[in-house]
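In what follows, a single structure is set out as structure tokens and then discussed.
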Ligand SMILES: NC(=O)c1ccc[n+]([C@@H]2O[C@H](COP(=O)([O-])OP(=O)(O)OC[C@H]3O[C@@H](n4cnc5c(N)ncnc54)[C@H](OP(=O)(O)O)[C@@H]3O)[C@@H](O)[C@H]2O)c1
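Numbering (our numbering), first residue to last: 81 to 370.
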């Protein structure tokens, strides 16, 4: 299958490399070519990708991973957030629509404020910041696509050079014997990027359309996630982990405090069983060594 991936940030690059390895013809479209992009992936401008798609006769798929992901930056620059998180999707969607591709869009778990129960794909959303609002606007556009897949998720794991990586920040801090402050008041169920990429691939192959949550089964706070990471990395450094209340972090943009997504639609449709978080984190730590 021909796959055109817009945005070669951490997720886009990882998807491009994995799909290319799996035998897809992959074109990555981005402003800059990341050094981590494998040789098997063609790097292109939008126009070149469009020309290739017109010439292609079989099924093809577009994946949009373009976004402004820095939540505080989105709050300070709402017009740019609107452009990256919403308008960009409309632009490529309308351009390729006459060719009837499968369109995959990556949304977010930052669509809720507080809660107690995991949110399913049909639960009401209540975004609390510009990032969440602009991501939600993109979901509303996606709802018009018959062959659209909208993934709600939150991931950890390998990132590309220059991109923020919370796990590496924690590891670096404890290596330098610096205290790490994490909040117990923000709760979610993130998934290893490798499992996310394999999940997205399965949904494309099975042509499962609509909104789908891809997350872990385990629900953790940011503090608990850091606790698991440090335990797996070097148990002796656990005393460096400190708890800090959400209110004391003084974020510029308000944060979603309850981002737990119910993943049962995904696990049932894809026949997937998701490993526990400590297992996923061990896999991440092992992948750093290779
Ligand atoms: N990271 C997470 O845990 C997480 C959680 C939930 C959802 N998501 C979603 O997952 C998707 C991928 O995120 P990621 O982690 O891969 O983010 P990322 O590494 O920051 O990648 C985002 C990409 O979008 C590009 N971009 C932004 N604005 C653009 C514009 N106006 N025109 C062209 N390119 C533009 C960036 O290009 P430059 O590099 O040139 O700036 C970058 O390559 C996003 O939709 C994000 O909202 C991520």
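Glycine included, C-beta positions come from ideal geometry on N, C-alpha and C.
Here the structure is a predicted model, which is why all the values come from computation and not from measurement.
Residue i - DSSP class collapsed to helix/strand/coil
{"i": "residue 177", "result": "helix"}
{"i": "residue 122", "result": "strand"}
{"i": "residue 359", "result": "helix"}
{"i": "residue 278", "result": "helix"}
{"i": "residue 272", "result": "strand"}
{"i": "residue 353", "result": "coil"}
{"i": "residue 171", "result": "helix"}
{"i": "residue 230", "result": "strand"}
{"i": "residue 252", "result": "helix"}
{"i": "residue 299", "result": "coil"}
{"i": "residue 199", "result": "strand"}
Test item: CB-CB of residue i and residue j under 9 angstroms
{"i": "residue 250", "j": "residue 309", "result": "yes"}
{"i": "residue 340", "j": "residue 198", "result": "yes"}
{"i": "residue 212", "j": "residue 145", "result": "no"}
{"i": "residue 98", "j": "residue 108", "result": "no"}
{"i": "residue 126", "j": "residue 172", "result": "yes"}
{"i": "residue 271", "j": "residue 234", "result": "yes"}
{"i": "residue 188", "j": "residue 215", "result": "yes"}
{"i": "residue 410", "j": "residue 142", "result": "Residue coverage of the chain in this structure runs from 81 to 370, which leaves residue 410 outside it and unanswerable."}
{"i": "residue 136", "j": "residue 82", "result": "yes"}
{"i": "residue 254", "j": "residue 317", "result": "yes"}
{"i": "residue 307", "j": "residue 269", "result": "no"}
{"i": "residue 210", "j": "residue 158", "result": "yes"}
Endpoints, the beta strand (DSSP E) within which residue i is located
{"i": "residue 141", "result": "140-144"}
{"i": "residue 293", "result": "290-294"}
{"i": "residue 185", "result": "182-186"}
{"i": "residue 108", "result": "105-109"}
Residue span of the alpha helix (DSSP H) that contains residue i, given as start and end
{"i": "residue 349", "result": "344-350"}
{"i": "residue 302", "result": "302-314"}
{"i": "residue 323", "result": "No alpha helix (DSSP H) contains residue 323, which is instead part of the beta strand (DSSP E) from 321-323."}
{"i": "residue 166", "result": "That residue, residue 166, is in no alpha helix (DSSP H); it is neither H nor E in DSSP."}
{"i": "residue 217", "result": "210-222"}
Nearest-angstrom Cβ-Cβ length linking residue i and residue j, presumed shorter than 8 angstroms
{"i": "residue 262", "j": "residue 324", "result": "7 angstroms"}
{"i": "residue 362", "j": "residue 266", "result": "With a Cβ gap of about 23 angstroms, residue 362 and residue 266 do not count as contacting."}
{"i": "residue 237", "j": "residue 364", "result": "5 angstroms"}
{"i": "residue 246", "j": "residue 294", "result": "So it is not a contact: roughly 19 angstroms between Cβ atoms."}
Contact with chain B by residue i, beta-carbon distance below 9 angstroms
{"i": "residue 202", "result": "Structure shown: chain B not included; a single protein chain is present."}
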